[in-house]
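Asks:
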Amino acid sequence: MISIKRYVFDLDNTLIYTDSLNNVSYNYALNLQGFAPINNCKRITRDVVFNKFPDLNNAQKNEIIELKQGYFMNNLKSTIPNISLLQVLKAQDVEICMLWTSSDEPRALAILEYYKICKAFRKILFSNKVDVIQDIEKITEFLECDLENLVFFEDNRSVIQDLQQLKLNVISV
Numbered sequence: 016m017i018s019i020k021r022y023v024f025d026l027d028n029t030l031i032y033t034d035s036l037n038n039v040s041y042n043y044a045l046n047l048q049g050f051a052p053i054n055n056c057k058r059i060t061r062d063v064v065f066n067k068f069p070d071l072n073n074a075q076k077n078e079i080i081e082l083k084q085g086y087f088m089n090n091l092k093s094t095i096p097n098i099s100l101l102q103v104l105k106a107q108d109v110e111i112c113m114l115w116t117s118s119d120e121p122r123a124l125a126i127l128e129y130y131k132i133c134k135a136f137r138k139i140l141f142s143n144k145v146d147v148i149q150d151i152e153k154i155t156e157f158l159e160c161d162l163e164n165l166v167f168f169e170d171n172r173s174v175i176q177d178l179q180q181l182k183l184n185v186i187s188v
């Protein structure tokens, strides 16, 4: 019997390249709050910002995040689609595709809407991807398949290593 593959896609820097807009968005927010930009960083995250500026209070942190998210959402045209991977996605039946992302839910949904791929997935799993084994259990349950049927598209090195240690099929993007 032929087993049908199930495809699990990551969003940020896998399906859609978002690093550049993400960094510009954080630096926009930092600038508005009177802070110096963060340069020479592949991807600025909340942790990067909060470590660089450890004296930020909660109100400042929340304001920076809010300004960053607003700028990002209003400039989705500055993201870059991974054309070849989007073609792979669009060639599959929705029933065998899942999105597994650590992206903030409203942000992820906005990107999916922008690229008109909201309905390309049977399910979306929002996760910080720290407990990969637990996430894999959810994925196999959602996609109704065994581990050997899964094919992951991922860019995060540590997640890729975790998947490889579990002997799963992963395509590094």
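Under the numbering used here, the sequence shown has 102 at position 87, and the numbering climbs by one with no breaks. The C-beta atom is built at its ideal place from N, Cα and C for all residues, glycine as well. Fair warning: this is a prediction, and the values are worked out from it, not measured in the lab.
On the criterion of 16 or more Cβ atoms from any shown chain inside 10 Å, does C112 qualify as buried, or is it exposed?
Replies: buried
Asks: Please specify which runs of the alpha helix (DSSP H), each continuous and at least 4 residues long, are wholly inside the segment 143-186, giving them in chain order.
Replies: 147-158 and 172-180
Asks: Can you check whether the CB of T94 is closer than 8 Å to the CB of Y32?
Replies: yes
Asks: Starting from the Cα of Y22, find the closest Cα among R137, Q176, E78 and V39 and give me that residue.
Replies: R137
Asks: For Y22, which beta-bridge partners are listed by DSSP?
Replies: C112 and V166
Asks: Ignore the nearest five residues each way along the sequence and tell me which others in L178's own chain have a CB closer than 6 Å to its CB.
Replies: Sequence-distant Cβ neighbours of L178 in its own chain, meaning closer than 6 Å and more than five residues away, are F167 and V185.
Asks: In chain order, what residues of the same chain have a beta carbon less than 7 Å from the beta carbon of Q63, not counting five sequence neighbours either side?
Replies: The sequence shown places Val at residue 63, rather than the Gln named in the question. Contacts found: I53 and C56.
Asks: Suppose the cutoff is 8 Å on Cβ atoms and the five residues either side in sequence are ignored; what does the same chain contact list for D170 look like?
Replies: D25, D27, N28, T29, S187 and V188
Asks: Quick one: Cα of N73 to Cα of I126, how far?
Replies: The alpha-carbon atoms of N73 and I126 are separated by roughly 27 Å.
Asks: Please classify K83 as buried or exposed, where buried requires at least 16 neighbouring CB atoms within 10 angstroms.
Replies: buried
Asks: Could you pull out every residue in the same chain whose Cβ sits closer than 8 Å to the Cβ of N97, ignoring the five residues on either side in sequence?
Replies: T29, L30, I31, Y32 and V188
Asks: When you compare only the Cα positions, how much space is there between E163 and E156?
Replies: 13 Å
Asks: Whole angstroms is fine: what's the gap from D119's alpha carbon to F141's?
Replies: 8 Å
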